[in-house]
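Structure record follows, encoded as C-alpha cells.
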Amino acid sequence: MQSLVSLDLSRNELSGAIPSTMAYLTSLESLDLSSNNLSGRIPPGNQLQTFNESTYTSNPGLCGFPVKQICENDDNGAGTRNNNTSEEDGAGSQVWLSYLGTALGGFVVGFWVFWGTLILKSERMLILVI
-17 MQSLVSLDLS
-7 RNELSGAIPS
3 TMAYLTSLES
13 LDLSSNNLSG
23 RIPPGNQLQT
33 FNESTYTSNP
43 GLCGFPVKQI
53 CENDDNGAGT
63 RNNNTSEEDG
73 AGSQVWLSYL
83 GTALGGFVVG
93 FWVFWGTLIL
103 KSERMLILVI
C-alpha cells in the first residue's frame, strides 16, 4: 500500500480519528477526506500535513495543521489530540467484552455438549447391559 498515489474517502460517513499509520503512505499525491465526521488531531509528520485545508473540509472535529482549528491543550500544534480518546477507549472495551462473552458462552455450550453426550451414552450403555 505504500505505492498508493490517490485516495478519495470523501462523503463516506467516516468517524473517529485519522489513523497515524496513514503517514506511512509516502507516495500519496492526492487525498480527499472531506465531508465525513472525522475528529481529533491530524497526525503530525510530513505526509498528511502537506495537503491543503480542502482535503479536510466538513470535518468539524478535526484540529491541528493544516486546518485552522487549534487542538485543545495545545501550545504550538504539536501536542496531544483532543479529549475524544476516552470515548474511543470506551467503545473499544465494549467490543472486547462482547468478544470475551461470546468466547466464554461458546466454551460453556461446547463443554456441556461434549460431556453431556458422553454421560448420556454411558447411561444408555448401562441400561443395555442390565
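Its first residue numbered -17, the sequence shown is counted upward by one per residue in the working numbering.
Glycine residues also receive a C-beta, built at the ideal position from the N, C-alpha and C atoms.
All of these numbers come straight from a predicted model, not from anything done at the bench.
Checking 8 Å against the spacing of the C-beta atoms, do residue i and residue j come in under that value?
i, j, result
"residue 122", "residue 20", "Outside the displayed range of the chain (-17 to 112) lies residue 122, so it cannot be described from this structure."
"residue -1", "residue 30", "no"
"residue -6", "residue 18", "yes"
"residue 9", "residue -15", "yes"
"residue 13", "residue -11", "yes"
In the DSSP assignment, the beta strand (DSSP E) including residue i goes from what residue to what residue?
i, result
"residue 23", "19 to 23"
"residue 10", "Careful: residue 10 lies outside any beta strand (DSSP E) and carries neither H nor E."
"residue -11", "-12 to -10"
Residue i: which of the options sits nearest, CA to CA?
i, options, result
"residue 49", "40, 43 and 35", "35"
"residue 43", "24, 55 and 33", "24"
"residue 2", "22, -11, -13 and 12", "22"
### Task
Just list the beta strand (DSSP E) runs in the stretch 23 to 53, keeping only unbroken ones of 3 residues or longer that don't cross its boundaries, in chain order.
43 to 45
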